[in-house]
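Protein sequence lines correspond, in order, to chains A and B.
Our numbering applies: residue 467 is where the first sequence begins, and numbers increase by one.
Our numbering applies: residue 149 is where the second sequence begins, and numbers increase by one.
Glycine is no exception: its CB is placed at the ideal position from the N, C-alpha and C atoms.
In this text the structure is predicted, and so the values were computed from the model without any measurement.
Report on the structure given below.
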Amino acid sequence: MRVRLRFGKLGKLRWTSHRDLARMWERALRRARLPVVYTGGFSPRPKLSFGLALPTGAESTCEYLDVELDQPDVDVEGLPGLLTPALPAGVDVLVAGGLEERAPSLQQEVTSCQWELEVTGWGPPELERAVGTVLQRSSLTVTRERKGHAVTDDIRPAILHLAVGVPSAAAGEPGPPPAPPAEEGEATPGPAPVLLRAELATQPRGLRPAELLCALGPGLEEVRVRRTHQWIERDGARWEPLPLGATDAPRALERVS
Amino acid sequence: MSSLWPRIEPLLAKVQKPARYIGCEDGAQQPVHSPGTVSWLLVYPDAYEVGLPNQGLQILYEILNERADALAERAYAPWVDMEALMRQRGVPLFSVDTHRPAGAFDMLAFNLSAELVYTNVLNCIDLAGVPVRGAHRDQTHPLVVAGGHCTFNPEPLADFVDLFVIGDGEEVAGEITQVVGQWRSSPRPMPRQAVLRELAHVAGVYVPSMYEVAYDGPRIVSVAPRYPDVPERVEKRTIADLASWPYPKRQLVPLTEVVHDRLNVEIFRGCTRGCRFCQAGMITRPVRERPAEQVRRLVREGLDRTGYDEVSLTSLSSADYSGIDEVVAGIIGDPECSGQVSVSLPSLRVDAFTVGIATEIQKVRRTGLTFAPEAGTWRMRQVINKLISEEDLYGAVDGAFSQGWRRVKLYFLTGLPTETDEDTLGIAELARQCVAVGRRHTRDASVTASVGGLVPKPQTPFQWFGQVPVAEMRRRIGLLRDATRRERGVALRWHDPEATLVEGLASRGDRRVGAVIEDVWRGGGTFQEWSERFDLGLWEQAVAARGLSFDWYVHRHREREEVLPWAHVSAGLHQDFLWHDWQDALAASGVEDCRWTPCYDCGACTGYGLEHVVASPVPPAGGSQGTGQDLSRGGAVPVELLHRRPLEAGV
Ligand code: SF4
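Rendered as structure tokens:
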């Protein structure tokens, strides 16, 4: 049977790459002794399919993994409790759900991602102004790199939503944990970062948060980036591959080192 | 002192592979620092992905953290991009466990497994905010310790390292902790020199500042203790029985890509084959095998805990473990592992038996097999005492190709004592013959011959041999390239001989070479074992500037009477034994593995009251080298051997 897992990637673990994460999952599934289906051939690998890769350095509360299991009657609800202890602290399984045999892949289905970006370099008024300018434009042509090639295209259609944010906790969302208190002789605290909320399309060509910041103007630096939702939108309706229960996410955040 | 993490994290978005700096591995510890605890920072002076799997470091990490009076954290050399940012922002070297500054530890302990990392050692000391020269440090600075194979010639680093641990570190780490603990807690502060003198009394500890070197021109006249209570010679430490040290119990599982990313279980330490070029084999005698049951338990628990699907049974020559076939079969057949686990044996022995095991354990992913005949002719192999007959090799290669392997890799050395062009070209000939053997089974049989240059190492019979110059090594590689160019199925690979020149200097240098290492480091020469960073020019300049010469340290044949720079450090091997073995080498006569034949009294057991510890009393099944069987097949039984000690087996 196929199952879909939603997991978070938070804390220091955000500095691991997408490939690193795939290896962590392979080990975790073996530790949990789940009967994962393997690919055939000379170098068999477990059949895992991850959604859209998260950039190294970004956090997330909405990563997905589809796994094929060689067993018809797996206790799906028990999977988060089984897998989370087998994963490093910072990667927590939040929800699990069964998946139809023929369900399309996450890569095909997901149409947009929601992001929270904490940035420095500009104060809130400058950022407000830049956001307003971008939103007013009907097109925004930039040149960026894709697979080693420079590609020039219009990224404006990919910016579905953009706003300078209220701190996310106030909006009932799991926000970034407060910055650790500065210790004596430690980093001199700079100006407080400003929160930017964005929803960026993933198709036909996805827009990355770092590219968005580039397009807003020079001098913006990301302090913390977090993906909070992946959306599937079809025929006017919009849903998540696996929605979170109301209490899941805060618990996950507590576990982060 | 607190965590540097808030200052480190902003740098991570700007560097390659940021996961090198976060720690968080499964098995990582978060020790609590307190005034009564001696804190060790175990530093691997190379990139994280090379250093993390190091077993020596992981063993000490666990042993020290189990002690009530000690704790240990880890650090790795930051890559050049990270180092530049750290220096720019004033961030010192830090531990990856709690991100604590290196200068806040009592001990900075370096693992030295290769000479080319020496400049990184200096860089790490400096990044820790500690003066690089021992003479400039005071009570507020950590003690700088070094252990690992390179310490069998500690002299090139003598000015930078306060104390060296010679040999196995398991026991001595605790003894050092006790001395340092007393020093730290003594009501009246004792000067640094006093604690170092105290440490010089610990067996296996060498404190270079307690010794005076006298020179006569370039020659060393003597290396003598400055005080009567300091030992004239420092004898290595050896743990008698590996069974008492089942470590690491919780091998670190990295979150990011590293070398040897699998479970590693050490099945024995030491090697008695007596390959004359092999320093590791010479300095780790005698053989101490881990009991089979303990191996099985470490494998089972390790796989369970880590989720790895591959285990490597490590040692200097794993197929020589007595009872290797049962241990391997036990792992493969373990229902717990449900056939998903692959086993790897580093450094395969060259014979059909071993290939059988290799086939057994790699049912899947069967791509290439590696053997190390090391030299191209039987005469040459007798010189280096790697007694593999051509029949053995062709048998192994035949076995490999007939059982489905497609590629065979062969390791060779050039620049060997008495090597002629005929010997060099023997490498091409062996490779060609191996392809021919393979063609019987598969048309696309391919053989890679990988050729490295010999660096004669201290504490081996070749310690007197003058290393072959770079130009001559190049010429020999050229001969091989010409000879293999048109050979279908033979691929030739070779190592840069320039790096072997510097390795030669650092391997057999004396204290004066320390200034060269410092100059190269100051000139920006870090990560010298990375070919893209290696810079021969820096070394040549420094050698010239210091009035030294490569010829003196590297290319010159040494004499029996001369005082070798490392003579006051002992691996237990009698100088007479080494000298006679060197003479045997020149006479192209081999000696057998002393595990299964009578003892030659090299000193490693006899001098320390030790014995080989074997897991099973029977020699490994199908053994060739070392069991006396192949001496009579590949060539005449060496006369030298007979006259030195009667050989009983008339095989
Ligand atoms: S003392 Fe004898 S048995 Fe021990 S390693 Fe040396 S030669 Fe072998």
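At which residues does the alpha helix (DSSP H) containing Tyr192/B begin and terminate? Segment 186-192 is the beta strand (DSSP E) holding Tyr192/B; no alpha helix (DSSP H) there.
So which residues on chain A does Leu455/B lean against when the C-beta distance must stay under 8 angstroms? For clarity, residue 455/B is Gly in the given sequence; the question names Leu instead. Simply Glu492, Arg493, Ala494, Leu495, Arg496, Arg497, Ala552.
Of all the options Val630/A, Thr599/A, Arg690/A, Arg622/A, which has the alpha carbon lying nearest to the alpha carbon of Pro670/A? Arg622/A
By the criterion of Cβ-Cβ separation under 8 angstroms, what are the contact partners of Pro166/B in chain A? Trp481, Thr522, Gly523
Could you check what DSSP says for Gln581/B in three-state terms: helix, strand or coil? helix
Any beta-carbon of chain A closer than 9 angstroms to the one on Gln170/B? The sequence as given places Ile at residue 170/B; Gln does not occur at that position. Against chain A, the CB of Ile170/B has a partner CB under 9 angstroms away; the residue lies at that interface.
So which residues on chain A does Thr404/B lean against when the C-beta distance must stay under 9 angstroms? Trp481, Thr482, Ser483, Arg485, Asp486, Arg489
Report yes if the C-beta of Thr386/B is less than 8 angstroms from at least one heavy atom of the ligand SF4; otherwise report no. Here the distance from the Cβ of Thr386/B to the nearest heavy atom of the ligand SF4 is not below 8 angstroms.
Asp558/A and Arg470/A closer than 9 angstroms at C-beta: No. Outside cutoff.
9 angstroms Cβ cutoff, Lys613/A in contact with chain B: no
Report buried or exposed for Leu734/B, applying the criterion of at least 16 other Cβ atoms within 10 angstroms of its Cβ. exposed
If contacts are defined as beta-carbon pairs under 8 angstroms, then Leu731/A and Leu487/A qualify, I think. What distance do you get, rounded to the angstrom? Not covered by the structure: residue 731/A. The range shown for chain A is 467 to 723.
Any non-hydrogen atom of the ligand SF4 closer than 8 angstroms to Thr608/B Cβ: no
Going by the CB atoms, is the gap between Leu500/A and Leu535/A shorter than 9 angstroms? yes
Can you give me the start and stop residues for the alpha helix (DSSP H) that Arg222/B sits inside? Counting along the chain, Arg222/B falls outside any alpha helix (DSSP H), though it belongs to the beta strand (DSSP E) covering 218-224.
Buried or exposed (CB count within 10 angstroms, at least 16 for buried), Lys384/B: With 16 or more neighbouring CB atoms inside 10 Å of its own CB, Lys384/B falls in the buried class.
Excluding the 5 residues preceding and the 5 following Val293/B in the sequence, name in chain order all residues of the same chain whose CB lies nearer than 6 angstroms to its CB. Excluding positions up to five away in sequence, the list reads Met255, Ala257, Leu311.
When the Cα of Val608/A is compared with those of Asp620/A, Leu601/A, Val597/A, which residue comes out closest? Asp620/A
Strand pairing of Thr562/B, partner residues [DSSP]: Thr562/B pairs with Gly601/B.
At a cut-off of 8 angstroms, is Cys742/B close to the ligand SF4 when judged by its beta-carbon and the heavy atoms of the ligand? yes
Counting only beta-carbon separations shorter than 9 angstroms, does Ala653/A have a partner in chain B? With a pLDDT of 47 at Ala653/A, under the threshold of 50, the modelled position of that residue is not reliable, and the figure given next carries that caveat. It does; some Cβ of chain B falls within 9 angstroms.
Quick one: residues in its chain with C-beta nearer than 8 angstroms to the C-beta of Val691/B, no 5 flanking neighbours on either side, listed in chain order? For Val691/B, where only same-chain residues beyond five positions count, the Cβ hits under 8 angstroms are Leu653, Val664, Ser697, Phe698.
Assuming Arg453/B contacts Arg398/B (C-beta within less than 8 angstroms), just tell me the rounded distance between them. 7 angstroms
The ligand SF4 heavy atom lying under 8 angstroms from the CB of Cys298/B: no
By the criterion of Cβ-Cβ separation under 8 angstroms, what are the contact partners of Val401/B in chain A? Arg493
In chain A, which residues lie with their C-beta within 8 angstroms of the C-beta of Leu160/B? Trp481, Gly523
Closer than 8 angstroms: Cys750/B CB and nearest the ligand SF4 heavy atom: yes
Short Cβ contact (9 angstroms threshold) for Ile273/B with Val280/B: Yes, Cβ-Cβ distance for Ile273/B and Val280/B is below 9 angstroms.
Does the stretch 517-531 of chain B come close enough to the stretch 559-566 of chain B to have 3 or more Cβ pairs within less than 8 angstroms? yes
In chain order, what residues of the stretch 363-385 of chain B put their CB closer than 8 angstroms to some CB of chain A? Per Cβ criterion, the list is empty.
Specify, as a first and last residue, the run of the alpha helix (DSSP H) that Pro590/A falls within. 590-602
With 7 angstroms as the limit, tell me which residues of the stretch 225-254 of chain B have their beta carbon closer than that to any beta carbon of chain A; keep them in chain order. none
Residue-chain proximity (Pro644/A, chain B), Cβ-Cβ < 9 angstroms: With a pLDDT of 46 at Pro644/A, under the threshold of 50, the modelled position of that residue is not reliable, and no figure is offered here.
For Gly184/B, collect the residues of the same chain with a Cβ closer than 8 angstroms to its Cβ; drop the 5 residues on either side in sequence, then sort them by chain order. Cβ contact annotation for Gly184/B (same chain, cutoff 8 angstroms, sequence separation greater than five): Asp217, Gly329, Ser333, in chain order.
Near Pro675/A, which residues of its chain fall below 6 angstroms by C-beta distance, leaving aside the five closest residues on each side in sequence? Trp581, Leu583, Val691
Using DSSP's beta-bridge definition, name the partner residues of Phe258/B. Val191/B, Ala294/B
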